[in-house]
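Protein chains in written order, with the UniProt record's numbering: chain B, 1 to 303; chain P, 1 to 303.
C-beta atoms are modelled at their ideal positions from N, C-alpha and C, and glycine is treated no differently.
Quick notes on the structure that follows.
In structure tokens, the structure reads:
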């Protein structure tokens, strides 16, 4: 099936383009971006022009930043195309609900993708936890913003989400593997003096679930979820790539290798089944944290 | 039908107790509150004790502040009671979704009440706008926090929502009367230096809709929505009590007088029809504003 990519930046080049190229299900038939392009693929800078000149492309995948994404998604949906959204699916919850309504009315599929739900052991962790009694859980998601977002000031602008840009990956994995939903009881958000979004956050959920997000970690990076149950401790590391039960490696390798190849396989399934998958629970937790969190000022941050 | 009131504070005394007393549908059969009570009505301080000793009370109305509300709602639902929630229905969106799930599983009704949707001309405004082409709209919601929340520091604590405590009333009215949903494009939130929630906010929605919330207005108070359409201008004043079309008074008086009597009549209908009404769109807009808004520091605020 032909697919178009909109927003040819770092994440498109690192993940989307190679995943589509490696898939038997997809053919990259066009790109649309202000500056980026992919060798050998028709390149557009105007979305409407691309949609009009390529009625043969039924699916559009959007990998631009969250703030401009709504307008592009809206135009693709109204042009009758199925749409896959990078995470987070929008800059606001309300616009995501609006997109879902539009997609239903237009009869197209919409997929809010959450790549961290596709860590190699995420399914195994969910399955192992399904019948366990959980006593507590802790998420540690600490990385170096200078390494992953070099010079990308937009992550600290309003709507850029700050440390919740990686943190929402943890929350997407958490909401996948925990057998019962939790909600936030309190949060502390650390705002650099010169920035509009937090650089660190500590979250305290119901049911003994807590999270520690920090964007100032140099050296080894940490993307871990630990879950203590009455039947032992589950430890997911490297964003769900590895899993241990009481210190012993567990879980099988999935048939497809890599988070993004699995996302594109899911999108192919959704289109084949005419289904929409628009789970907003990770974004809801982020919005809850901004609404409920205590703001603490910390040192100014410069790239 | 027997009903219990939980949280006997200012809003309960000012609105809930007289509305129940004036209704033929309801009988106030118990109260539960740390300190407050109502003359002649059995008073409890422990919710579980009240629920156990009064299996004859099928409905519980919660009018305590948003942060503790979830635990009370959960216990009432799990005890098989229908629950009516003061606005906002919770401190987080995720807990509201959790309550909705619980209520569905328990087979009870849940009502997220929004009293400003019951302004005397709110239905008339919605009906008049239903077939109009809207060119722009502006909300002005300016009141004096010292008058309406004297000494209530919790409104400035995390989760207290600040100026969105009244602002969510405007948003509940907006989401009722506009024929198409809008979403936030940008927002400015004015945080007093010594407080955790904003004292003023300017919101810029799609479709030319904007809002100006301010809690520092002394003298006359303003709760207005103006909507410009191709067929004239609608002006709702006093929180929906009065309405003008191009400057001419319009709209009939509703059969029941007062926002809260109309809410309790709706709750009676929901219970009779075994329905839930849990529209979270006003709270979603508030969460979106906290997530997307630009924070601006302003002078410290002291009651």
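May I ask which residues mark the beginning and end of the alpha helix (DSSP H) holding residue i?
i                      : result
residue 145 of chain B : 145-148
residue 265 of chain P : 259-273
residue 32 of chain B  : Taken as a continuous stretch (DSSP letters only), residue 32 of chain B belongs to no alpha helix (DSSP H), being part of the beta strand (DSSP E) at 27-32.
residue 22 of chain B  : 17-22
residue 103 of chain P : 93-106
residue 129 of chain P : 122-129
Answer yes or no: does any C-beta atom of chain P fall closer than 9 Å to that of residue i?
i                      : result
residue 301 of chain B : no
residue 92 of chain B  : yes
residue 70 of chain B  : yes
residue 187 of chain B : yes
I'd like the list of long-range same chain contacts for residue i, defined as Cβ closer than 8 Å, with 5 residues on each side in sequence excluded.
i                      : result
residue 327 of chain P : Coverage of chain P is limited to positions 1 through 303, which leaves residue 327 of chain P absent and any answer about it impossible.
residue 158 of chain B : 196, 197
residue 29 of chain B  : 2, 3, 4, 41, 42, 54, 56, 57
residue 270 of chain B : 82, 109, 111, 276, 277
residue 177 of chain P : 122, 125, 126, 129, 225, 227, 236
residue 229 of chain B : 129, 132, 133, 134, 135
For residue i, report the span of its beta strand (DSSP E) as first-last.
i                      : result
residue 84 of chain P  : 82-85
residue 141 of chain P : 134-142
residue 296 of chain B : 294-298
residue 3 of chain B   : 2-6
residue 236 of chain B : 232-237
residue 242 of chain B : 242-245
residue 112 of chain B : 110-112
Can you confirm whether residue i, when its beta carbon is compared against all beta carbons of chain B, has any partner nearer than 9 Å?
i                      : result
residue 295 of chain P : yes
Using a Cβ-Cβ cutoff of less than 7 Å, which residues in the same chain neighbour residue i once the five nearest sequence positions on both sides are dropped?
i                      : result
residue 22 of chain B  : 261
residue 205 of chain B : 182, 183, 184, 185
residue 290 of chain P : none
residue 203 of chain P : 184, 187, 210, 211, 289
residue 274 of chain B : 109
residue 79 of chain P  : 51
residue 218 of chain P : 144
residue 93 of chain P  : 280, 283, 284, 287
Any C-beta of chain C sitting closer than 9 Å to the C-beta of residue i?
i                      : result
residue 129 of chain P : Checking the listed chains, one finds no chain C in this structure; the protein chains it contains are B and P.
Using only the heavy atoms of the ligand SAM, determine whether one of them is closer than 8 Å to the beta carbon of residue i.
i                      : result
residue 236 of chain B : With respect to the ligand SAM, the structure shown offers nothing to examine, as it has no ligands at all.
Leaving out five residues before and five after residue i in sequence, what residues of the same chain have Cβ atoms less than 6 Å from its Cβ?
i                      : result
residue 167 of chain P : 141, 213
residue 235 of chain P : 226, 244
residue 17 of chain P  : 38
Contact residues within the segment 95-111 of chain P, judged by C-beta distance below 7 Å to chain B: 95, 98
Uninterrupted beta strand (DSSP E) stretches inside the segment 171-229 of chain P (no shorter than 3 residues): 184-192, 200-205, 209-214, 222-229
Near-chain P residues of the segment 169-185 of chain B - C-beta to any C-beta below 7 Å: 181, 183, 184
Interface residues of the segment 264-293 of chain B facing chain P [CB-CB below 8 Å]: 281, 284, 285, 286, 287, 288, 290, 291, 292, 293
Runs of alpha helix (DSSP H) lying entirely within the segment 44-73 of chain P, each at least 4 residues, in chain order: 47-53
Contact set between the segment 143-170 of chain P and chain B, restricted to residues whose Cβ is under 8 Å from the partner: 158, 159, 161
Chain B contacts made by the segment 196-214 of chain P, where a contact means CB separation under 7 Å: 196
Contacting positions in the segment 35-55 of chain B - beta carbon closer than 8 Å to chain P: none
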